[in-house]
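In this note's numbering, the protein residues as written are 1 to 254.
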């Protein structure tokens with residue numbers, strides 16, 4: 001097993017159990033305890049875990065990004081429900097943007113019953129997911145591939161995005177703040193989302209309830225920039241009133 005594969009498995013275990021023990025990991029992956037300690041050192045340097053006596057605990061700071069393959073297995077049921085709602089808002093023949101979030105991958109799967117869609121995306125995962133769909137136009141933004149995110153980013157990506165104007169932009173975010181707006185953990189993601197938001201007729205933010213009242217590093221847009229929020233649970237009255245004041249439709253599973 002490669003070191004990267006082992007660290008990803010350790011991250012999955014951390015995500016599920018919140019804490020891991022060096023001796024147990026050593027036996028589980030048939031490597032020395034010193035090797036496990038080096039793995040935990042690496043995860044700590046990346047901001048994904050915090051070492052503790054005999055092991056480590058997960059870093060659940062909203063500003064920390066877990067690898068794509070970890071995030072896509074989080075809140076699967078909630079993402080599926082949100083994706084179904086988002087897909088119901090797309091019409092046959094629509095032109096849409098899908099971002100590189102794990103939530104957008106679920107939306108892509110839910111859209112497969114639609115016909116004649118044109119999908120523009122900066123997500124490698126979505127390109128692969130939709131590669132077997134016939135009768136659609138699938139457009140990759142291209143750009144610089146961001147390691148660990150399966151996302152195309154950078155000036156070239158944003159230039160391609162700005163060259164289109166679509167019916168619907170469907171995207172997620174790292175944090176949603178009443179005062180600061182729609183936020184991302186890294187500037188490159190923020191500027192890419194901003195380009196999408198500015199290049200669509202209807203902007204649909206698909207975001208789970210854990211992102212509300214959080215902050216992140218880069219502002220991608222303001223609430224006034226979107227028409228619809230889809231989330232996995234009924235938001236607080238404060239947020240419902242805030243959406244109403246901005247004439248934003250808020251949809252969630254009943």
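We put the beta carbon where it would ideally sit given N, CA and C, even for glycine.
This one's a predicted model, so the numbers in the text were calculated from it and none came from an experiment.
Please report the residue range of the beta strand (DSSP E) in which residue i lies.
i           : result
residue 95  : 95-98
residue 218 : 218-221
residue 205 : 200-206
residue 184 : 181-184
residue 51  : 49-52
residue 280 : Residue 280 lies beyond the residue range present for the chain, which begins at 1 and ends at 254; the question has no answer from this structure.
residue 166 : 166-171
Are the CB atoms of residue i and residue j nearer to each other than 8 Å?
i           : j           : result
residue 122 : residue 151 : yes
residue 221 : residue 204 : no
residue 78  : residue 232 : yes
residue 219 : residue 181 : yes
residue 10  : residue 39  : yes
residue 103 : residue 172 : yes
For residue i, which residues in the same chain have their Cβ closer than 7 Å to its Cβ, ignoring the five residues on either side in sequence?
i           : result
residue 175 : 62, 183, 211, 214, 215 and 216
residue 239 : 212
residue 18  : 57 and 58
residue 242 : 178
residue 127 : 121, 138 and 140
Beta-carbon within less than 6 Å of residue i's beta-carbon, same chain only, minus the 5 sequence neighbours each way: which residues are those?
i           : result
residue 230 : 82, 85, 86, 206 and 251
residue 100 : 122, 123 and 151
residue 29  : 6
With distances taken from CA atoms, which of the options is nearest residue i?
i           : options               : result
residue 5   : 22, 34 and 43         : 43
residue 179 : 223, 144, 148 and 191 : 223
residue 195 : 173, 93 and 157       : 157
residue 201 : 185, 247 and 226      : 226
residue 247 : 228, 235 and 170      : 228
residue 52  : 20, 31 and 74         : 20
residue 75  : 129, 187 and 15       : 15
residue 192 : 146, 167 and 35       : 146
With a CB to CB cut of under 8 Å and the five nearest residues on each side skipped, what residues in its chain are close to residue i?
i          : result
residue 23 : 33 and 54
Where do the N-terminal and C-terminal ends of the alpha helix (DSSP H) with residue i fall, by residue?
i           : result
residue 191 : 187-197
residue 33  : 33-45
residue 102 : 102-110
residue 241 : 237-245
residue 90  : Residue 90 -> no alpha helix (DSSP H), and no H or E assigned at all.
Count the C-beta pairs between the stretch 132-146 and the stretch 72-91 that are closer than 8 Å, then say yes if the count reaches three, no if not.
no
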